[in-house]
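Q: Numbering (this note's numbering), first residue to last: 550 to 625. Backbone N, C-alpha and C define an ideal beta-carbon position, used for all residues, glycine too. Before anything else, here's the structure in question.
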């Protein structure tokens, strides 16, 4: 499979109660098709975090795939 990089962006913010939210998005061309991957990580003040990863290919009629993992940062 051939892949070429197109663009990426990221942002981060801390909200009330010290909850941090970080989002990154990248777009690649894979075998002639644009694929966008978005990852969001939400971190609690106690170190627990949730990660959601979504991949979108607008030419496919499938739903986005989302994976969430909950643990403390030292557990990985």
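Rounded to whole angstroms, what's the CA-CA distance from residue 584 to residue 553? Just pull it up for me.
A: What you label residue 584 is simply residue 35 of the chain shown in a count that begins at 1. What you label residue 553 is simply residue 4 of the chain shown in a count that begins at 1. Residue 584 and residue 553: Cα-Cα distance of roughly 10 Å.
Q: Roughly how many whole angstroms lie between the Cα atoms of residue 557 and residue 563?
A: The residue you call residue 557 lines up with position 8 of the chain shown. The residue you call residue 563 lines up with position 14 of the chain shown. Roughly 21 Å between the two C-alpha positions.
Q: What do you reckon, are the CB atoms on residue 605 and residue 591 nearer than 7 Å?
A: By 1-based counting over the chain shown, the position of residue 605 is 56. By 1-based counting over the chain shown, the position of residue 591 is 42. For residue 605 and residue 591, no; Cβs fall outside 7 Å.
Q: Verify whether the separation of the beta carbon atoms of residue 559 and residue 573 is less than 7 Å.
A: Here residue 559 refers to the residue found at position 10 of the chain shown. Here residue 573 refers to the residue found at position 24 of the chain shown. In contact: residue 559 and residue 573 (Cβ atoms closer than 7 Å).
Q: Give the list of continuous beta strand (DSSP E) stretches no shorter than 3 residues that lie fully inside the segment 567–614.
A: Runs of the beta strand (DSSP E) inside the segment 567–614: 569–579, 582–592, 597–605.
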